Amino acid sequence: MIDKKTLSTWERKGKIGFIGLGNMGSAIAMRLTRPKIDGLPLMVYDPDSIKLAPFIEKGAIAAKSSLELCKSCDIIFACLPTSAVTETVLFGDAGISRDLKPGQIFVDMTSGDPAISRDQAARLAKAGVIFVDAPVSGGPRGAREGTIAIMVGGEDKLYEQILPTLKVISSNIFHAGPVGAGHALKAGNNLLNLICRMASFEVVSLLINVGVDAERAVDILQKSSGRNYATEITLPDNILSGKMHQGFSMALMEKDAGLALDMAAGLAQKMPLGEVAFAELQDAMHTHGDTADMSLVALEYETKTGARIRPK
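This is the structure we're talking about:
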């Protein structure tokens, strides 16, 4: 629920646009359709026009292009697959950077590469345009419920400036540090998520093989010191339910965890647990394909251990 003080402050921030309506982007952007800013609706753009329909129904304006959106909005959010896609949107042949004006703010919610983000910020700054990295964690469910973690990289004053808008999206907002810090934290978080996920599947498989019911094992683990996102959300919501769909692909997890391992390699820091988990992920990708949902990683443990984690 958005409190009146936050809404009042937010309404004075100017028109907001949102580029990228994938699984996460659409869930985040939908929260911005609820109130209107100074009577102006949210403007949205995605190259897949089918994704625009739910937003038009909620009163948003569908831009014909990212260029039209950038000319109309003061704060531009983007939630894209990779930093390479962000680079294309900003600086490609049809990039919006040449039409951005001094004072406009570009908020990159992509799970991006911190080094690339810092470079993009420096180039935009030459034109007086402000770049903020603000990746999120918590999945589409957390985005819909307004509980995702938003990790912001940017100057202190800028963080305070965009905070009222971010509060409309979620109640869990954190200033990670300067530009790039948000993306660094997201990469580290997803590597940790991967490690915990693989460890949880491994231990649950063991418990099943010694005769513990899968649902009972997960329920007890979730109330114990081994609890983590996999025992809280992934296993009960996506595996034990039989749904086998989380809305996050193996390729995206490989990209994020790989960014974290690349950061470590640049510092000559060893990451043995991360490297093992990463190798397990790549085994699953060999079997199921890059675009397979992360929930299907559980099938690898069923095959390797003989323990059936899914409902029979």
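Heads up, the sequence shown is in numbering that gives the first Met the number 0, so the first residue is 0 and it goes up one at a time.
Beta carbons are placed, not taken as given, at the ideal position from N, Cα and C, and that holds for glycine.
Fair warning: this is a prediction, and the values are worked out from it, not measured in the lab.
Residues near residue i by beta carbon distance below 7 Å, same chain, minus five either side
i: Leu79; result: Gly19, Thr85, Val88 and Thr109
i: Ile95; result: Ser65, Leu66, Cys69, Val88 and Leu89
i: Ser169; result: Gly145, Thr146, Ile147 and Ile149
i: Glu342; result: Past the edges of the chain, shown from 0 to 311, lies residue 342, and the structure says nothing about it.
i: Leu258; result: Asp112 and Ala186
i: Ala26; result: Pro139, Ala142 and Arg143
i: Gly127; result: Pro101 and Gly102
i: Met0; result: In this prediction, Met0 has a pLDDT of 38, which is less than 50 and means its spatial position is unreliable; what the coordinates show is noted afterwards. Answer for Met0: no residue qualifies.
With 16 other Cβ atoms within 10 Å as the buried cut-off, status of residue i
i: Pro134; result: buried
i: Leu99; result: buried
i: Glu299; result: buried
i: Leu295; result: buried
i: Gln281; result: exposed
i: Gln119; result: buried
i: Ser116; result: buried
i: Leu182; result: Before going on, a small fix: residue 182 reads as His here, not Leu. Under this definition His182 is a buried residue.
i: Ile55; result: exposed
i: Thr302; result: exposed
i: Arg196; result: buried
i: Asp132; result: buried
i: Glu253; result: buried
i: Gln245; result: buried
i: Asp107; result: buried
i: Trp9; result: Legend: pLDDT at Trp9 = 36, less than 50; position of this residue unreliable, no value from coordinates given.
i: Ser82; result: buried
Beta-bridge pairing of residue i - partner residues as DSSP gives them
i: Ala61; result: Val43
i: Met150; result: Phe173
i: Val106; result: Phe76 and Val131
i: Phe17; result: Val43 and Phe76
i: Ser136; result: Ala148
i: Ser248; result: Asp292
Cut-off 6 Å between Cβ atoms - residues of its own chain near residue i, not counting five sequence neighbours on either side
i: Asn189; result: Asp255 and Ala256
i: Met29; result: none
i: Ala180; result: Gly152
i: Leu234; result: Val217
i: Ala263; result: Met270
i: Phe17; result: Ala28, Val43 and Phe76
i: Ile172; result: Ile149 and Leu165
i: Pro310; result: Gly241
i: Ile60; result: Pro40 and Met42
Distance cut-off 7 Å: residue i Cβ against heavy atoms of the ligand MG
i: Gly21; result: Absence of the ligand MG is noted for the structure shown, with no ligands found whatsoever.
Distance between beta carbons of residue j and residue i, contact taken as under 8 Å
i: Ile74; j: Ile49; result: At roughly 25 Å, the Cβ-Cβ gap does not stay under 8 Å, so Ile74 and Ile49 are not in contact.
i: Ile194; j: Ala276; result: 5 Å
i: Asn192; j: Tyr158; result: Between Tyr158 and Asn192 the Cβ distance is about 25 Å, and since that is not below 8 Å, they are no contact.
i: Pro40; j: Gly24; result: Actually they are not in contact, since the Cβ atoms of Pro40 and Gly24 sit about 17 Å apart, beyond 8 Å.
i: Met306; j: Ile207; result: The residue you asked about is not Met; residue 306 is Ala in the sequence shown. About 4 Å; that satisfies the 8 Å criterion.
i: Ala213; j: Ile308; result: 6 Å
Any C-beta of chain D under 8 Å from that of residue i
i: Asp212; result: Judged by its chain identifiers, the structure shown contains no chain D, having just a single protein chain.
Residues near residue i in its chain [Cβ-Cβ closer than 8 Å; skip 5 each side]
i: Gln221; result: Thr230, Glu231 and Pro235
Those runs of the alpha helix (DSSP H) which lie wholly inside the stretch 260-298 and span at least 4 residues
Complete alpha helix (DSSP H) runs here, min 4: 271-287.
What are the start and end residues of each continuous alpha helix (DSSP H) run of 4 or more residues lying completely inside the stretch 159-218, in chain order?
Every unbroken stretch of the alpha helix (DSSP H) spanning 4 or more residues and falling wholly within the stretch 159-218 is given here in chain order: 180-208.
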